[in-house]
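Residue numbers (the numbering used here), protein chains in the order written: chain X, 215 to 477; chain S, -13 to 147. Scroll down for the structure; my scribbles are underneath it.
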Amino acid sequence: MYRFTYHQPADLDEAVQIASSSEDGSYLAGGMTLIPTMKFRLAGPSDLIDLGAVEALRGITDEGGRLRIGAASTHAEVAASALVTGRLPALAGLASRIGDPAVRNRGTIGGSIANADPAADYPAALLALDAEVITNRRAIAAADFFTGFFSTALDPGELVTAIRFAVPAQAAYQKAPNPASRFALAGVFVARHADGTRVAVTGAGQFATRYPAFEAALDASFTPATAAGVTVEEAGLMTDLHASAAYRAHLISVMAKRAVAAC
Amino acid sequence: MATDPSASIALRVNGKDVEGSAEARTLLVDFLRDTLRLTGTHIGCDTSQCGACVVHLDGVAVKSCTVLAVQAAGREVRTIEGLADADGSLHPMQEAFRQHHGLQCGFCTPGMVMTAIELAQSAEPLTPERVREGLEGNICRCTGYHNIVQAVLAGAAAMRQ
Chain X
215 MYRFTYHQPA DLDEAVQIAS SSEDGSYLAG GMTLIPTMKF RLAGPSDLID LGAVEALRGI
275 TDEGGRLRIG AASTHAEVAA SALVTGRLPA LAGLASRIGD PAVRNRGTIG GSIANADPAA
335 DYPAALLALD AEVITNRRAI AAADFFTGFF STALDPGELV TAIRFAVPAQ AAYQKAPNPA
395 SRFALAGVFV ARHADGTRVA VTGAGQFATR YPAFEAALDA SFTPATAAGV TVEEAGLMTD
455 LHASAAYRAH LISVMAKRAV AAC
Chain S
-13 MATDPSASIA LRVNGKDVEG SAEARTLLVD FLRDTLRLTG THIGCDTSQC GACVVHLDGV
47 AVKSCTVLAV QAAGREVRTI EGLADADGSL HPMQEAFRQH HGLQCGFCTP GMVMTAIELA
107 QSAEPLTPER VREGLEGNIC RCTGYHNIVQ AVLAGAAAMR Q
C-alpha cells in the first residue's frame, strides 16, 4: 500500500473541507473495496478521509413515506433494521446476502453506490425503488446517478450522505451470486409501484440499468411466465472468466421470473 | 486529525490497554501480529476472502486484513488469545472445536472461532444451514466443514447455557 495521510473528521463540513484541500483525497467508508484496491496499489490516494465518526451519515428513518438510509449504514444494519425489514423486506434481504458476515459488518450502502461496481447489489435496488441519492450538494435521481463502468454522477469531493427509497406495494430481489465473492453474476430487482412496475438488472452489463421490456410486459400481466417470456438480448452484456454474455442473458431471464414469483 | 507517517496507536486488546507505533497504512492484522506479537490471528489470503484474520472490533466480527490499525485507535479488539480464561480453561466455542475435531491443520481456526462466537450471539436459532451461511466468509482449505459446523452448533449451545 502506498503511503497516505489519514484523517478522521468529526463532522460533514470538516470531511468535505479536507477532501477539497487535499491533493488526491479519497473518502473511506467501510473500506471493503477501497482498502483491498489500495493493497493492490490500484489506488493510491494522498489522503484518506475516514467517515467513521461522522454521525450525520448514520441512521435509518421514515421520511414522509420514503425510507431514508444514512450513507454510512452498514449492510448488517440495513439487513437488521426493523424499519427496513418491515417496510422494504426486499431491500433488507438484498443487504443480508452481500458478501459475507464480516464484510456486511463493515461495508456501507453509501460506499457501495459511490464505488458503483457493475456487480454490486444495491444499484439495482436504487433504480427499481426510484431512489434519490442525497449528497452534501444536491439530490440525484438514481436514474442519473449510475453513468458507466465504476462511474457515477458524483463530482470530485462530492459526498453521498443518504439514499431515499420509495416504498412500493411489492418488491423482490433475486441474484445468481458468484460462488466465491457473492457478487451478482446477474441480479434482478422487481418493484410494483402505483405508477407501474420497475425492473432493474445488475451484474450483467457495464453498469446497473432498468429493463423497459420487462416493465412493459409485467405491467400488462404480472406473472412469472410473463417475465420468462421476455427476450433478453446478449448485446451489451459482459463476458468474463465468470460467465459469458449468453449465460448472463439466460440468468437475467431466470432471476426476473423468480423475482416476480417472490413478489 | 491527521496521523503522521508513523504514530502511536492506543487501544484495548483482550481487556488490556496497549499502545504501539504504526504507519497510517498499517493493517490491523499486521499491527496485532508484528507490533503486539499476538500471532494467533492469521493472514491467509490477505484479500478479505478467507476469514483467517477475523477479530472482534467493539464486539463485531471484522476481517483485520481489511481494517487499518489506526481505525482501531481508542477502540476494543478481541482476538483468539483473549478467549480462554486466565487459568487456561478454554472458551466454550474453543472447547467445542476441540471436542468435535473442528480443525485439521488449524490455520483457519482462529477466524472460524471468532466468527462462530458472533454467530452464536445472534438472537436467531442456529441450524446447520444457518451455520454454513454464517461461515460463508471463512474458508477451510482442509475442507473439514462438517465437523466445524458440528462444533459451532455445540459451542453455541454451550455458550447459551
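Note that beta-carbon positions come from the ideal geometry of N, C-alpha and C, so glycine has one too.
Using the beta-carbon of each residue, which ones in chain X are nearer than 7 angstroms to residue i?
| i | result |
| --- | --- |
| Val40 (chain S) | Ala316 |
| Ala118 (chain S) | Here the sequence assigns Arg to residue 118 (chain S), which means Ala is not the residue at that position. Near Arg118 (chain S) there are no residues of chain X at all, since even the closest Cβ is about 12 angstroms away, more than 7 angstroms. |
| Gly37 (chain S) | Ala316 |
Could you give the C-beta distance for residue i and residue j, rounded to a whole number, given that I count them as a contact under 8 angstroms?
| i | j | result |
| --- | --- | --- |
| Ala442 (chain X) | Phe360 (chain X) | The Cβ separation is near 26 angstroms, so there is no contact. |
| Cys51 (chain S) | Val15 (chain S) | 5 angstroms |
| Cys91 (chain S) | Cys128 (chain S) | 5 angstroms |
| Thr375 (chain X) | Ala285 (chain X) | 5 angstroms |
| Ala398 (chain X) | Asp314 (chain X) | The Cβ separation is near 15 angstroms, so there is no contact. |
| Arg498 (chain X) | Glu429 (chain X) | Because residue 498 (chain X) is not part of the residues shown, which for chain X are 215 to 477, the question remains open. |
| Val402 (chain X) | Ile466 (chain X) | 6 angstroms |
| Gly419 (chain X) | Pro332 (chain X) | 7 angstroms |
| Tyr387 (chain X) | Gly307 (chain X) | 6 angstroms |
| Pro438 (chain X) | Lys471 (chain X) | 5 angstroms |
Just to confirm before moving on: does the CB-CB distance between residue i and residue j stay below 8 angstroms?
| i | j | result |
| --- | --- | --- |
| Ile66 (chain S) | Thr113 (chain S) | no |
| Asp264 (chain X) | Leu242 (chain X) | yes |
| Pro250 (chain X) | Thr33 (chain S) | yes |
| Pro337 (chain X) | Thr416 (chain X) | yes |
| Val474 (chain X) | Phe436 (chain X) | yes |
| Ala47 (chain S) | Ile(-5) (chain S) | no |
| Ala330 (chain X) | Ser365 (chain X) | yes |
| Ala10 (chain S) | Thr219 (chain X) | yes |
| Ala8 (chain S) | Thr21 (chain S) | yes |
| Gly222 (chain S) | Gly74 (chain S) | As displayed, chain S neither begins before -13 nor continues past 147, which places residue 222 (chain S) out of reach and without an answer. |
| Gln136 (chain S) | His86 (chain S) | yes |
| Ile274 (chain X) | Ser295 (chain X) | yes |
| Ala482 (chain X) | Asp369 (chain X) | With chain X running from 215 to 477 in the structure shown, residue 482 (chain X) is simply not present. |
| Leu281 (chain X) | Arg301 (chain X) | yes |
| Gly504 (chain X) | Met252 (chain X) | Outside the displayed span of chain X (215 to 477) sits residue 504 (chain X), for which this structure offers no information. |
| Asn124 (chain S) | Gly37 (chain S) | yes |
| Val371 (chain X) | Ser234 (chain X) | At residue 371 (chain X) the sequence reads Gly, which differs from the Val that was named. Taking 8 angstroms as the Cβ cut-off, Gly371 (chain X) and Ser234 (chain X) qualify as a contacting pair. |
| Gly30 (chain S) | Phe93 (chain S) | yes |
| Ala400 (chain X) | Ala385 (chain X) | no |
| Gln231 (chain X) | Ala267 (chain X) | no |
| Ala229 (chain X) | Leu373 (chain X) | yes |
| Arg(-2) (chain S) | Glu62 (chain S) | yes |
| Ser381 (chain X) | Gly279 (chain X) | Rather than Ser, the amino acid found at residue 381 (chain X) in this sequence is Val. Yes, the Cβ-Cβ distance between Val381 (chain X) and Gly279 (chain X) is below 8 angstroms. |
| Met79 (chain S) | Gly141 (chain S) | yes |
| Glu447 (chain X) | Ala457 (chain X) | no |
| Leu54 (chain S) | Leu105 (chain S) | no |
Taking Cβ-Cβ distances shorter than 9 angstroms, what residues in chain X pair up with residue i?
| i | result |
| --- | --- |
| Glu122 (chain S) | Gly313, Asp314, Pro315 and Arg396 |
| Ala82 (chain S) | Residues of chain X passing the Cβ test: none, with the nearest at roughly 19 angstroms. |
Residue i touches chain X at which residues, Cβ-Cβ below 8 angstroms?
| i | result |
| --- | --- |
| Val4 (chain S) | None at all; the shortest Cβ gap to chain X is about 19 angstroms. |
Interface residues of chain S around residue i at Cβ under 9 angstroms?
| i | result |
| --- | --- |
| Thr299 (chain X) | Going along chain S, no residue has its Cβ under 9 angstroms from Thr299 (chain X), so there is no contact; the nearest lies around 13 angstroms. |
| Ile249 (chain X) | Leu13, Ser34, Cys51, Thr52, Val53 and Leu54 |
| Tyr387 (chain X) | In chain order: nothing, as chain S lies at least about 17 angstroms away. |
| Phe218 (chain X) | Ala10 and Arg11 |
| Gly245 (chain X) | Thr52, Val53, Leu54 and Gln57 |
| Arg378 (chain X) | Correct list: empty, because the minimum Cβ distance to chain S is about 27 angstroms. |
In chain S, which residues lie with their C-beta within 7 angstroms of the C-beta of residue i?
| i | result |
| --- | --- |
| Asn329 (chain X) | What Asn329 (chain X) touches in chain S: nothing, since even the nearest Cβ is about 14 angstroms away. |
| Met215 (chain X) | Arg11 |
| Asn319 (chain X) | Val46, Ala47 and Val48 |
Residues of chain S with CB under 8 angstroms from residue i, in chain order?
| i | result |
| --- | --- |
| Gly266 (chain X) | Gln57 |
Count the CB pairs spanning the segment 31 to 48 of chain S and the segment 308 to 326 of chain X that are closer than 8 angstroms, and state whether there are at least three.
yes
If you measure beta-carbon to beta-carbon, which residues of the segment 47 to 59 of chain S are closer than 9 angstroms to chain X?
Ala47, Val48, Lys49, Cys51, Thr52, Val53, Leu54, Val56, Gln57 and Ala59
Going along the chain, which residues of the segment 84 to 118 of chain S sit with their C-beta nearer than 8 angstroms to a C-beta in chain X?
Thr101, Glu104 and Leu105
If the cut-off is 8 angstroms on Cβ atoms, which residues from the segment 433 to 462 of chain X count as contacting chain S, listed in chain order?
none
Using a Cβ cut-off of 7 angstroms, which residues of the segment 266 to 285 of chain X contact any Cβ in chain S, in chain order?
Gly266
By the 8 angstroms beta-carbon criterion, what residues does the segment 391 to 416 of chain X contribute toward chain S?
Ala394, Ser395 and Arg396
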